[in-house]
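What follows is one structure encoded as structure tokens, with my remarks underneath.
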Amino acid sequence: MINSFCCKCHSQRGAAYAALLVMLLPVMWPALVSPLGHASPSAFSEWNAPKPRHLSLLKGALQREFANEQKYELWAPLAPQGWKPCVPSSSITGNPVKSTGYIQVFLDGGLNQQRMGICDAVAVAKILNATLVIPHLEVNPVWKDSSSFEEIYDVDHFINVLKDEISVVRELPSEYSWSTRDYYAVAIRATRIKTAPVHASANWYLENVLPVLQSYGIAAIAPFSHRLAFDNLPGELQRLRCKVNFRALAFVPHINALGDMLVKRLRYPGRAHSDEDIEEVVDENVRQGSGKYVTLHLRFDKDMAAHSACDFGGGKAERLALAKYRQVIWQGRVMNSQFTDEELRNQGRCPLTPEEIGLLLAALGFDSQTRLYLASHKVYGGEARISSLRKLFPLMENKKSLASSDELVKVEGKASLLAAVDYYVSIKSDVFISASPGNMHNAMVGHRTYENLKTIRPNMALLGQLFLNKSLEWSEFQQQVYADHRGRQGQIRVRKPNQSIYTYPAPDCMCQG
């Protein structure tokens, strides 16, 4: 009896100690419970500080020298390629006729996926002769951002540019005010269209959505991402999509102003960040020749790293953490996970690490004096992950290094607004490059093709094979990279069947001549 009582006391005392230890963990070992983006590498981290994986190439790159002719070619703007934009400011599809009702769309994804959805929504409204309600942007599940259309884009400009194509309203009239996201979230509703197939045809909308409009005066389509085909559409509808993308979707004034300020500070770095000092530096630099900069889109967050199923050099702890993340988020249903890291790299299916994209830029001829704007969110692995890139390009900047906290106050903590600033700075850059395929890469390739701007497309398969070769010398690496990428710097590629008009605007939205 006594022994049983003692065991029970010991058990209770042990439980109390365990509870106390749990309470003290955040105080004693804050790195253990801190978000990864803010933690320092330690015995408790899910990653160890990554070390350079290509040390021999890195040493060679740090000693790189290039002829002036190569530098000139690198920075020279693209020559005319025989294509020009052919989306007129006047009406493309004809003035809107009597409306069949109201169309609502609910768009998920990040800024660039939503941007494509907005363009498709305008085209669908035209197909149906419907009035488009300003699209609803869903809360981003990765970045937890609830920014609305009105917070990102200039609504008045959007409506005005499209007034001769379709009718657009900011909100529904009072008799339809019940048609909200919450209304559709709690039950099956006759006015909700939830079966729109991916890349649906124009006829699908006429057969399935128009009857709803005619019966109820309103139709809400959700989900709507990638819900309109790229092929077998009239030419004027394709040009309308491009008109939305390249003319109607303008950011709100404060994003444009912030973007312009960052571009000035990249082109004409001065002693201070005041507008007066910037103007003085601008005047001096204009006499000496304009400054130039490269935008590097570096998406290397945990979501991207885990979904790729590649090994990024963070050791066993990192591999286990990413595998667990895949299981939790996608229940292990990630196609890449059935392949080895070597197989994935040979196929070009691994995103480039910050170190690898730095080696690519160095091999192409960008020297240590290159001003590099880093368009990215938090990098998985923190500063340790980008240390090699910073060694290669010490003049690397981002929003926070170029602007004060007061200047960023309107966008801070809002992923979509921060992405909009990056989009603006990217489209203004002399050269753009992305470390991995994705929506930002595709949007920039399309927009910069439309404007005939230099955009480097990394050959992922070649680079994957080169980086697997640990005996490769810098000189050979540099020669192969330079030779292969001379034809991958913004040359026009005509859209093929099933390809996106937002990545390949020629020939639908560009004319020869």
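In our numbering, the protein residues as written are 271 to 783. Don't be surprised by glycine CBs; every beta carbon is placed ideally from N, CA and C.
Cut-off 6 Å between Cβ atoms - residues of its own chain near residue i, not counting five sequence neighbours on either side
| i | result |
| --- | --- |
| residue 434 | 361, 365 |
| residue 300 | Its pLDDT being 40, under 50, residue 300 is placed unreliably by the model, and the measurement read from it follows with that caveat. None. |
| residue 586 | none |
| residue 727 | 758 |
| residue 567 | 645, 704, 710 |
| residue 358 | none |
| residue 367 | 399 |
| residue 731 | 618 |
| residue 729 | 754 |
| residue 785 | No answer is possible for residue 785: the residues shown for the chain start at 271 and end at 783. |
| residue 486 | 461 |
| residue 779 | 357, 509, 512 |
| residue 767 | 501 |
| residue 348 | 722, 724, 760 |
Residue from the options with nearest C-alpha to residue i
| i | options | result |
| --- | --- | --- |
| residue 523 | 694, 721, 329 | 694 |
| residue 649 | 713, 573, 696 | 573 |
| residue 216 | 429, 403, 481, 479 | Residue 216 falls outside the range modelled here, since the chain spans only 271 to 783, and no answer is possible. |
| residue 469 | 485, 386, 396 | 386 |
| residue 463 | 472, 698, 494, 535 | 494 |
| residue 529 | 672, 356, 718 | 672 |
| residue 381 | 608, 397, 515, 594 | 515 |
| residue 482 | 459, 467, 741, 471 | 459 |
| residue 396 | 455, 479, 407 | 479 |
| residue 429 | 455, 681, 392 | 392 |
| residue 413 | 485, 768, 742, 683 | 683 |
| residue 342 | 637, 680, 767, 718 | 637 |
| residue 411 | 379, 667, 432 | 379 |
| residue 678 | 722, 719, 531 | 531 |
| residue 681 | 394, 346, 422, 350 | 422 |
| residue 245 | 700, 676, 473, 743 | A question about residue 245 goes unanswered here, because the residues of the chain that appear run from 271 up to 783. |
| residue 432 | 448, 509, 473, 346 | 509 |
| residue 788 | 539, 474, 706 | The shown model of the chain, from 271 to 783, leaves out residue 788, and the question about it has no answer. |
| residue 394 | 745, 466, 349 | 466 |
| residue 535 | 742, 667, 388, 741 | 667 |
Integer Cβ distance of residue i from residue j, believed to fall under 8 Å
| i | j | result |
| --- | --- | --- |
| residue 437 | residue 401 | 4 Å |
| residue 632 | residue 334 | 6 Å |
| residue 582 | residue 324 | Their Cβ separation, rounded to whole angstroms, is 12 Å, which puts residue 582 and residue 324 out of contact at 8 Å. |
| residue 685 | residue 647 | 7 Å |
| residue 618 | residue 708 | The Cβ separation is near 14 Å, so there is no contact. |
| residue 390 | residue 511 | 7 Å |
| residue 399 | residue 370 | 5 Å |
| residue 642 | residue 669 | Their Cβ separation, rounded to whole angstroms, is 13 Å, which puts residue 642 and residue 669 out of contact at 8 Å. |
| residue 570 | residue 624 | 6 Å |
Close-in-space but distant-in-sequence residues of the same chain around residue i (CB under 7 Å, 5 per side omitted)
| i | result |
| --- | --- |
| residue 604 | 577, 579, 596 |
| residue 692 | 645 |
| residue 782 | 352, 353 |
| residue 533 | 695, 698 |
| residue 322 | 328, 625, 658 |
| residue 846 | No statement about residue 846 is possible, as the shown extent of the chain runs from 271 to 783 and does not include it. |
| residue 606 | 578, 579, 614, 619 |
| residue 278 | Bear in mind that a pLDDT of 45 at residue 278, under 50, signals an unreliable position, so the number given afterwards is only what the model happens to contain. The answer is none, since no qualifying residue turns up. |
Nonlocal neighbours in the same chain, by C-beta distance under 8 Å from residue i, ignoring five residues either side
| i | result |
| --- | --- |
| residue 764 | 774, 776, 777 |
| residue 526 | 520, 694 |
| residue 292 | Because residue 292 sits at a pLDDT of 38, beneath the cut-off of 50, its placement in the model cannot be relied upon, and the following sentence gives the value as read from the coordinates. Same-chain partners within the cutoff: there are none. |
| residue 634 | 344, 726, 751, 752, 755 |
| residue 612 | 738 |
| residue 409 | 415, 416 |
| residue 425 | 404, 419, 440 |
| residue 640 | 563, 564, 631, 663, 665 |
| residue 589 | 581 |
| residue 232 | Here the chain comprises residues numbered 271 to 783, so residue 232 is not present and cannot be evaluated. |
Within-8 Å CB hit, residue i to chain C
| i | result |
| --- | --- |
| residue 335 | Note that chain C does not occur in the displayed structure, where there is just one protein chain. |
Entirely within the segment 714-770 and at least 4 residues each: give me those alpha helix (DSSP H) ranges in chain order. DSSP runs (the alpha helix (DSSP H)) wholly in the segment 714-770: 730-738, 744-755.
Validate contact between the segment 490-501 and the segment 759-774 using beta carbons, cut 8 Å, 3 pairs: Touching, yes, given that three or more Cβ pairs across the two stretches are closer than 8 Å.
Mind the definition here: the segment 655-662 touches the segment 611-628 only if three or more C-beta pairs lie below 8 Å; say whether that holds. Of all C-beta pairs linking the segment 655-662 to the segment 611-628, three or more are shorter than 8 Å, placing the two stretches in contact.
Count Cβ pairs between the segment 707-714 and the segment 745-762 that sit closer than 8 Å; are there 3 or more? With a cut-off of 8 Å, the segment 745-762 and the segment 707-714 do not count as touching, because too few Cβ pairs lie within range.
Quick one: which unbroken beta strand (DSSP E) runs of 3-plus residues sit fully inside the segment 364-401? Chain order, please. Whole beta strand (DSSP E) segments, 3+ residues: 372-377.
Evaluate the contact criterion for the segment 490-497 versus the segment 372-389: three or more CB pairs, one atom per stretch, below 8 Å. As far as the Cβ criterion goes, the segment 490-497 touches the segment 372-389, which means the pair count is three or higher.
If you scan the segment 571-633 from start to end, which runs of the alpha helix (DSSP H) of 4 or more residues do you find wholly inside it? Runs of the alpha helix (DSSP H) inside the segment 571-633: 572-578, 585-600, 611-616.
Unbroken beta strand (DSSP E) runs of length 3 or more, entirely within the segment 458-501: which are they? The segment 458-501 contains, as complete beta strand (DSSP E) runs of 3+ residues, the segments 488-491 (chain order).
For a minimum of 4 consecutive residues, which ranges assigned as the alpha helix (DSSP H) are wholly contained in the segment 326-365? Counting only runs of 4 or more, we get 338-345.
Of all the beta strand (DSSP E) runs that stay within the bounds of the segment 422-461, which reach a length of 3 or more residues? You should have found no qualifying run.
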